[in-house]
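Colleague:
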Amino acid sequence: MTASAPITQDVLTIPRKSPEGGRRNLVGLTRPQLRDALLEIGVTEKQVKMRVNQVWQWIYQWGVRDFDAMTNLAKGFRAQLAENFVIEIPEMVSRQVSNDGTRKYLVRIAGGHEVEVVYIPETDRGTLCISSQVGCTLTCSFCHTGTQKLVRNLSAGEIVGQVMMARDDLGEWPEPGAPKDETRLLSNIVLMGMGEPLYNFDNVRDAMKIAMDREGISLSRRRITLSTSGVVPEIAKTAEEIGCLLAVSFHATTDEVRDKLVPINKKWNIEALLNALREYPRLSNSERITFEYVMLKDVNDSDADARRLVSLIKGIPAKINLIPFNEWPGAPYVRSDQDRIKAFADIIYHAGYASPIRRPRGEDIMAACGQLKSATERARKSRKAIEADAGL
Ligand code: SAH
Ligand code: SF4
1 MTASAPITQD
11 VLTIPRKSPE
21 GGRRNLVGLT
31 RPQLRDALLE
41 IGVTEKQVKM
51 RVNQVWQWIY
61 QWGVRDFDAM
71 TNLAKGFRAQ
81 LAENFVIEIP
91 EMVSRQVSND
101 GTRKYLVRIA
111 GGHEVEVVYI
121 PETDRGTLCI
131 SSQVGCTLTC
141 SFCHTGTQKL
151 VRNLSAGEIV
161 GQVMMARDDL
171 GEWPEPGAPK
181 DETRLLSNIV
191 LMGMGEPLYN
201 FDNVRDAMKI
211 AMDREGISLS
221 RRRITLSTSG
231 VVPEIAKTAE
241 EIGCLLAVSF
251 HATTDEVRDK
261 LVPINKKWNI
271 EALLNALREY
281 PRLSNSERIT
291 FEYVMLKDVN
301 DSDADARRLV
311 SLIKGIPAKI
321 NLIPFNEWPG
331 APYVRSDQDR
341 IKAFADIIYH
351 AGYASPIRRP
361 RGEDIMAACG
371 QLKSATERAR
381 KSRKAIEADA
391 GL
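Yeah, the sequence shown ends on 392 if you go by UniProt numbering, and it's all consecutive.
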């Protein structure tokens, strides 16, 4: 399928296949968990290390889903694996491709819940924006995901499974045995989809460890960015246990305004957040912290805000990513004018910080930050409308 024209698909209603006979899914198990699973089915202590490596490579390096294709394993062992396990990833329910090449996927996870995943191609990279939860327990007033009632944590398999699904769609798994190729269509991951990743820490950590593993998907920790609204006690753990880059949804320069926009601020205020960020270990200046700042007209976009922002973050190697607000139906805010955003960016830039204005991508398919929920609902509504029109 080419990316030259927008291709809109209605939401399909394919029932999700559940693992038959309670077979365990291997996707999302860490190496030690996979080891235990293989020991449980009778692999010997002597052989288990080699078997873990072999199965791991088939799943994460070559993208194989069928045990029978694991040709360096004895037929009997392959059958034994198939009796006990499945290799299952979330199911793609629909895909839309934007004029600009952005792809938005709707994927279905266990229980029939749906989350969205967005692939953004750029000249020097391809970024996959993945989700960590269905909905979000936090209630940031400008974010549509935060208005969604239902919340469930995704499992590690469902998180890394989003990456595997996108590699399937991009046709990016190498032929088994092919030499390692470092040029990638999917070269970066951002945890900026639905959910607060630091409220699902263990699963996010395990999934990202799998994505970073050198014998598998093998993405560098510097190519993974986790965005948090400011769950302060988990920030140091992110550096220690995942080691990825960090983005913070800052969005305001006074506690009064931040309390309203990002209510977690009432628990951990700007000062507590900045202290945690000052301690975030970095190996080089290229590992700056990204401050995300959504531009809301007459709420947080004044020159005084820009100057306050600069003085607050003094001493923190940072880049400020200005996000023009993506409006959604019924949103209580409007996007700042372009001139205002530019003036705000200039003040930050002149203080010595990079201040890119995020170019909205995939607007024609509503794939932008904070719009994910509305897009799903709209698709459902349109299907209903179609059925009503057809007298169904
Ligand atoms: N929960 C995490 C990650 C997901 S949100 C967090 O809040 O950081 C990813 C980014 O999109 C955050 O910076 C969030 O504040 C921003 N965002 C949410 N809704 C938005 C909207 N309607 N317009 C622009 N940015 C939005
Ligand atoms: Fe949750 Fe992030 Fe949206 Fe806030 S901005 S409601 S933390 S997804």
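Where a beta carbon is used, it is the ideal one built from N, C-alpha and C, also for glycine.
Have a look at residue 211 and residue 357 and give me their C-alpha separation to the nearest angstrom.
Modeller: For the purposes of this step, residue 211 is taken as the residue at position 211 of the sequence shown. For the purposes of this step, residue 357 is taken as the residue at position 357 of the sequence shown. Cα-Cα distance, rounded: 29 Å.
Colleague: List the DSSP bridge partners of residue 266.
Modeller: Along the sequence shown, read from residue 1 onward, the residue named residue 266 stands at position 266. Looking at the DSSP assignment, residue 266 forms no beta bridge with any residue, so it has no partner.
Colleague: Helix, strand or coil: which one does DSSP assign to residue 11?
Modeller: For the purposes of this step, residue 11 is taken as the residue at position 11 of the sequence shown. Residue placement at residue 11 is flagged as unreliable, the pLDDT there being 31, under the threshold of 50; a coordinate-derived value is accordingly withheld.
Colleague: Along the beta strand (DSSP E) that carries residue 121, what are the first and last residues, could you check?
Modeller: Counting from one through the sequence shown, the residue named residue 121 turns up at place 121. Unbroken beta strand (DSSP E) run through residue 121: 114-121.
Colleague: With DSSP as the reference, identify every bridge partner of residue 108, one or two as the case may be.
Modeller: Walking along the sequence shown from the start, residue 108 turns up at place 108. DSSP, once it has assigned bridges, lists 91 and 114 as partnering residue 108.
Colleague: Is it the case that the CB of residue 129 approaches a heavy atom of the ligand ATP more closely than 8 Å?
Modeller: For the ligand ATP, the structure offers nothing, since it holds only the ligand SAH and the ligand SF4.
Colleague: Please determine, among 236, 207, 199 and 187, the residue with the shortest C-alpha to C-alpha distance to residue 229.
Modeller: Numbered from its first residue, the sequence shown carries residue 229 at position 229. With distances taken between Cα atoms, residue 229 lies closest to 199.
Colleague: Please go through the segment 159-230 and give each complete alpha helix (DSSP H) segment of 4 or more residues, from N-terminal end onward.
Modeller: Listed in chain order, the complete alpha helix (DSSP H) runs (minimum 4 residues) inside the segment 159-230 are 201-212.
Colleague: With 16 other CB atoms within 10 Å as the buried threshold, where does residue 311 fall?
Modeller: Counted from its first residue, the sequence shown places residue 311 at position 311. By the 10 Å Cβ count, residue 311 comes out exposed.
Colleague: Give me, in chain order, the residues of the same chain whose beta-carbon lies closer than 8 Å to that of residue 36; leave out the 5 immediate sequence neighbours on both sides.
Modeller: For the purposes of this step, residue 36 is identified with residue 36 of the sequence shown, where counting begins at 1. Counting only Cβ-Cβ distances below 8 Å, and skipping sequence neighbours, we find nothing.
Colleague: Looking at residue 114 and the ligand SF4, is the gap between the Cβ and the nearest heavy atom below 8 Å?
Modeller: The residue labelled residue 114 in the question sits at position 114 within the sequence shown. Residue 114 Cβ: outside cutoff for every heavy atom of the ligand SF4.
Colleague: Among 147, 38 and 115, whose alpha-carbon lies nearest the alpha-carbon of residue 53?
Modeller: Residue 53 sits at position 53 when you count from the first residue of the sequence shown. For the residues 147, 38 and 115, the minimum Cα distance to residue 53 belongs to 38.
Colleague: If residue 97 sits next to residue 107, beta carbons under 8 Å apart, how far is it from one beta carbon to the other, in whole angstroms?
Modeller: Position 97 of the sequence shown, counting from 1, holds the residue named residue 97. Position 107 of the sequence shown, counting from 1, holds the residue named residue 107. With a Cβ gap of about 16 Å, residue 97 and residue 107 do not count as contacting.
Colleague: Would you mind giving the Cβ-Cβ distance between residue 138 and residue 264, rounded to the nearest angstrom? I have them listed as a contact below 8 Å.
Modeller: The sequence position of residue 138 within the sequence shown is 138, counting from 1. The sequence position of residue 264 within the sequence shown is 264, counting from 1. Right, their Cβ atoms sit about 6 Å apart.
Colleague: Determine whether the beta carbon atoms of residue 58 and residue 64 lie at a separation below 9 Å.
Modeller: On the sequence shown, position 58 is the one that residue 58 refers to. On the sequence shown, position 64 is the one that residue 64 refers to. Yes, they are a contact pair.
Colleague: Return yes when the Cβ of residue 226 is within less than 9 Å of the Cβ of residue 208, no when it is not.
Modeller: On the sequence shown, residue 208 is found 208 positions in, with the first residue counted as 1. On the sequence shown, residue 226 is found 226 positions in, with the first residue counted as 1. Result yes, Cβ atoms of residue 208 and residue 226 sit closer than 9 Å.
Colleague: Which first and last residues belong to the beta strand (DSSP E) in which residue 323 is found?
Modeller: Here residue 323 refers to the residue found at position 323 when the sequence shown is read from its first residue. Here the beta strand (DSSP E) through residue 323 covers 318-324.
Colleague: Does the beta carbon of residue 222 come closer than 9 Å to any beta carbon on chain C?
Modeller: In summary, chain C is missing from the structure at hand, where a single protein chain is found.
Colleague: At a threshold of 8 Å, does residue 194 count as lining the ligand SF4 (C-beta to nearest heavy atom)?
Modeller: The residue labelled residue 194 in the question sits at position 194 within the sequence shown. Correct: residue 194 has its Cβ closer than 8 Å to the ligand SF4.
Colleague: Kindly indicate which residue of 336, 32, 120 and 109 has the alpha-carbon position closest to the one of residue 189.
Modeller: Counting from one through the sequence shown, the residue named residue 189 turns up at place 189. For residue 189, the nearest C-alpha among the options comes from 120.
Colleague: Indicate, with yes or no, if the ligand SAH has a heavy atom lying under 8 Å from the CB of residue 244.
Modeller: Taking the first residue of the sequence shown as position 1, residue 244 is located at position 244. No, the Cβ of residue 244 stays beyond 8 Å of every heavy atom of the ligand SAH.
Colleague: What do you get for residue 276, buried or exposed, if any count of 16 or more other CB atoms within 10 angstroms of its CB means buried?
Modeller: Sequence index remark: in the sequence shown, residue 276 carries index 276 (1-based). Flag for residue 276 reads buried.
Colleague: Quick one: is the Cβ of residue 191 within less than 8 Å of any heavy atom of the ligand SAH?
Modeller: As a first step, residue 191 is located in the sequence shown; it is residue number 191 there, counting from the start. Yes - the ligand SAH has a heavy atom lying nearer than 8 Å to the Cβ of residue 191.
Colleague: Sorry if obvious, but does the Cβ on residue 262 come closer than 8 Å to a heavy atom of the ligand SF4?
Modeller: By 1-based counting over the sequence shown, the position of residue 262 is 262. Residue 262 Cβ: within cutoff of the ligand SF4.
Colleague: Would the segment 83-90 count as touching the segment 344-357 if we require 3 or more Cβ pairs under 8 Å?
Modeller: Output reads no: the segment 344-357 does not touch the segment 83-90.
Colleague: Quick one: Cα of residue 297 to Cα of residue 334, how far?
Modeller: Residue mapping note: residue 297 aligns to position 297 of the sequence shown, counting from 1. Residue mapping note: residue 334 aligns to position 334 of the sequence shown, counting from 1. Roughly 6 Å separates the two Cα atoms.
Colleague: Using only the alpha-carbon positions, how far apart do residue 221 and residue 156 sit?
Modeller: Here the question's residue 221 lines up with position 221 in the sequence shown. Here the question's residue 156 lines up with position 156 in the sequence shown. Between residue 221 and residue 156, the C-alpha separation is close to 17 Å.
Colleague: When the Cα atoms are used, what is the spatial distance from residue 172 to residue 90?
Modeller: The sequence position of residue 172 within the sequence shown is 172, counting from 1. The sequence position of residue 90 within the sequence shown is 90, counting from 1. Each residue's Cα considered, the two are about 17 Å apart.
Colleague: Could you tell me if the beta carbon of residue 138 falls within a distance shorter than 8 Å of some heavy atom in the ligand SF4?
Modeller: Within the sequence shown, numbered from 1, the residue matching residue 138 stands at position 138. Yes - the ligand SF4 has a heavy atom lying nearer than 8 Å to the Cβ of residue 138.
Colleague: If you scan the segment 235-261 from start to end, which runs of the alpha helix (DSSP H) of 4 or more residues do you find wholly inside it?
Modeller: Taking only runs of at least 4 residues, the alpha helix (DSSP H) segments lying wholly in the segment 235-261 are 255-261.
Colleague: For residue 53, name the three-state secondary structure that DSSP assigns.
Modeller: Mapped onto the sequence shown, residue 53 falls at position 53. Here residue 53 sits in helix by DSSP.
Colleague: Should residue 238 go down as buried or exposed, given a rule of 16 or more other Cβ atoms within 10 Å for buried?
Modeller: Locating residue 238 in the sequence shown gives position 238, where the first residue counts as 1. The residue is buried, with at least 16 neighbouring Cβ atoms inside 10 Å.
Colleague: Can you tell me whether residue 330 sits near the ligand SF4, meaning its C-beta is under 8 Å from at least one heavy atom of the ligand?
Modeller: Locating residue 330 in the sequence shown gives position 330, where the first residue counts as 1. No.
Colleague: Look at the Cβ atom of residue 249, then the Cβ atom of residue 140, and state whether they are nearer than 9 Å.
Modeller: One-based indexing of the sequence shown puts residue 249 at position 249. One-based indexing of the sequence shown puts residue 140 at position 140. Taking 9 Å as the Cβ cut-off, residue 249 and residue 140 qualify as a contacting pair.
Colleague: With DSSP run on the structure shown, which of helix, strand or coil describes residue 338?
Modeller: In the sequence shown, residue 338 corresponds to position 338, counting from 1. DSSP places residue 338 in helix when its eight states are reduced to three.
Colleague: On the three-state DSSP scale, how would you describe residue 142?
Modeller: Within the sequence shown, the letter at position 142 stands for residue 142. Coil.
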